[in-house]
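The number in this note's numbering is simply the position in the sequence shown, starting from 1, with 70 added.
All residues carry an ideal CB built from backbone N, CA and C; glycine is no exception.
What you are looking at is a predicted structure, and each value in this text was computed from that prediction instead of being measured.
A short write-up of the structure that comes next.
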Amino acid sequence: MTINSSDLWHHYGRTRAEHDRAVPETFRWIWGQDSGPGPEILGDLSGRVVGDLGAGAARHAAHLTAHHRPALVVAADASPAQYEMATGLFGHLAPRLRIVRSDAVSHLHAAAGTAGTYDVLYSIFGALDFTDPRELLPAVASALKPGGRLVFSTLAHYLSGAPAQTDVMAADVTAKTPEGKATTMRRWVLQEHVWVKVLDESGFAGITVDMLPSTVAGPRTADTLLVTAVRRP
Ligand SMILES: C[S@@+](CC[C@H](N)C(=O)[O-])C[C@H]1O[C@@H](n2cnc3c(N)ncnc32)[C@H](O)[C@@H]1O
């Protein structure tokens with residue numbers, strides 16, 4: 071997940087977790103988290119087994135658990151800090167919300183059986199952004215049941231405004247160690263046609279990509295790509 075062993079997600083969401091401990095009333099895909107489509111993109115979740123890949127503090131997973139009727143939501147994140155935060159905030163939603171500290175690829179390999187485990191997998195600027203898709207997407211396909219759905223939101227361009235990559239290629243972006251030192255981590259920011267190609271090569275069909283524009287202007291705002299695909303039978 072990172073180029074060194076330090077937890078580069080140590081600081082993420084920490085301030086918010088100190089004062090906002092409620093299960094969110096809404097679920098949004100876009101970078102600004104302020105409007106646009108919601109969980110209906112995931113389809114009817116009644117009785118479904120759902121997984122969030124790179125769930126962070128598990129706010130989206132907690133919303134689905136509390137406001138929809140899935141059989142189980144698994145919130146997986148590789149960061150010890152995020153796992154701890156999620157457990158502290160939403161551990162009380164167990165057993166229908168299961169918070170797991172694991173790299174997404176290892177978790178999915180363990181979950182994959184002959185018919186897959188998950189009905190739906192999703193990610194919101196999560197594992198899909200920070201893991202080589204040629205490694206992660208085949209693991210996603212094998213952990214989904216045939217016909218199972220993958221939905222994820224990802225950056226349509228870099229936060230600097232630079233355009234997305236025209237091939238499956240990561241770039242180093244800024245990050246911070248737990249001690250506050252500046253460092254970098256790898257992020258995959260890919261153009262729409264690149265996502266379509268790598269999804270197709272990884273066993274997905276019915277691929278759609280929607281561009282959701284940012285609702286605000288200014289530095290570090292971004293447009294979102296919302297990607298949906300179905301595991302080929
Ligand atoms: C930008 S945060 C987004 C968190 C959450 N989805 C949200 O919207 O608040 C990215 C998260 O992805 C997690 N992540 C990145 N690569 C991962 C991987 N390969 N497996 C599991 N988690 C990963 C990080 O630990 C981090 O918590």
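- [ ] Pull up the DSSP beta-bridge partners for D280, would you.
- [x] Per DSSP, L296.
Open item on the list: Restricting to runs no shorter than 3 residues, where is the beta strand (DSSP E) found entirely within the region 222-288?
Closed with: List check, beta strand (DSSP E) in window: 240-246, 252-258 and 274-282.
Task: Burial state of R139 (16 or more Cβ within 10 Å) - done: It counts as exposed.
Open item on the list: Between the alpha carbons of W79 and T254, how many angstroms are there, rounded?
Closed with: Their backbone Cα atoms lie some 12 Å apart in a straight line.
TODO: Below 6 Å CB to CB, which residues in the same chain sit around R129 once its five sequence neighbours on both sides are set aside?
DONE: These residues qualify, in order along the chain: P94.
Task: Limits of the beta strand (DSSP E) - the one that A182 falls within - done: From DSSP, A182 is part of no beta strand (DSSP E); its letter is neither H nor E.
Open item on the list: Just checking L123 against ligand 1 - is the residue's beta carbon closer than 7 Å to any of the ligand's heavy atoms?
Closed with: The answer is yes for L123.
TODO: In the DSSP assignment, find the alpha helix (DSSP H) that holds A141 and state where it starts and stops.
DONE: Here A141 belongs to no alpha helix (DSSP H), and DSSP marks it neither H nor E.
Task: Simplified DSSP state of Y153, which is helix, strand or coil - done: In the structure shown, Y153 falls within a helical segment according to DSSP collapsed to helix, strand and coil.
Task: Rounded separation between A127 and M155 - CA only - done: M155 has its alpha-carbon roughly 6 Å from the corresponding atom of A127.
- [ ] Compare the C-alpha of G108 against each of S193, R91 and H162 and name the closest.
- [x] The shortest C-alpha separation from G108 is found at S193.
Open item on the list: Given 7 Å as the limit, tell me if Y192 has its C-beta closer than that to any heavy atom belonging to ligand 1.
Closed with: Y192 Cβ: outside cutoff for every heavy atom of ligand 1.
Open item on the list: Here's a check: name, in chain order, each residue in its chain whose Cβ is nearer than 6 Å to the Cβ of T291, leaving out the five neighbours to either side.
Closed with: Within its own chain, the residues whose Cβ lies closer than 6 Å to the Cβ of T291, once the five positions on either side in sequence are excluded, are S284, listed in chain order.
Task: Cβ-based neighbour list, G196, same chain, cut-off 6 Å, excluding 5 preceding and 5 following - done: Excluding residues within five positions, the ones whose Cβ falls inside 6 Å are L123 and G124.
Task: Proximity to P248 [Cα-Cα], best of A132, S149 and L112 - done: Answer by Cα proximity: S149.
Task: Cβ contact check for the region 170-182 and the region 99-107: 3 or more pairs under 8 Å - done: With a cut-off of 8 Å, the region 99-107 and the region 170-182 do not count as touching, because too few Cβ pairs lie within range.
Open item on the list: Given this structure, state the Cα-to-Cα distance separating Y223 from P233, to the nearest angstrom.
Closed with: It should be noted that the sequence gives Ser, not Tyr, for residue 223. Spanning the two alpha carbons is a distance of roughly 17 Å.
TODO: Would you give the residue range spanned by the beta strand (DSSP E) that L112 belongs to?
DONE: DSSP places L112 in no beta strand (DSSP E); its state is neither H nor E.
Task: Beta-carbon separation (whole angstroms), T187 vs V120, contact threshold 8 Å - done: Not a contact, Cβ separation roughly 11 Å.
Task: D199 burial status per 10 Å Cβ neighbour count (16 or more: buried) - done: Flag for D199 reads buried.
TODO: Within its chain, find whatever has a CB closer than 7 Å to the CB of H260; leave out the 5 residues flanking it on each side and keep chain order.
DONE: Here residue 260 is Leu; the residue named in the question, His, does not match the sequence. Within the same chain, L260 has close Cβ partners A234, Q235 and V238.
- [ ] Hey, could you find the ends of the beta strand (DSSP E) V120 is sitting in?
- [x] Taken as a continuous stretch (DSSP letters only), the beta strand (DSSP E) holding V120 covers V119 to L123.
Open item on the list: I'd like to know whether the C-beta atoms of G113 and R219 end up nearer to each other than 8 Å.
Closed with: Contact: yes.
- [ ] Could you tell me whether the Cβ atoms of P303 and P216 are closer together than 8 Å?
- [x] Taking 8 Å as the Cβ cut-off, P303 and P216 qualify as a contacting pair.
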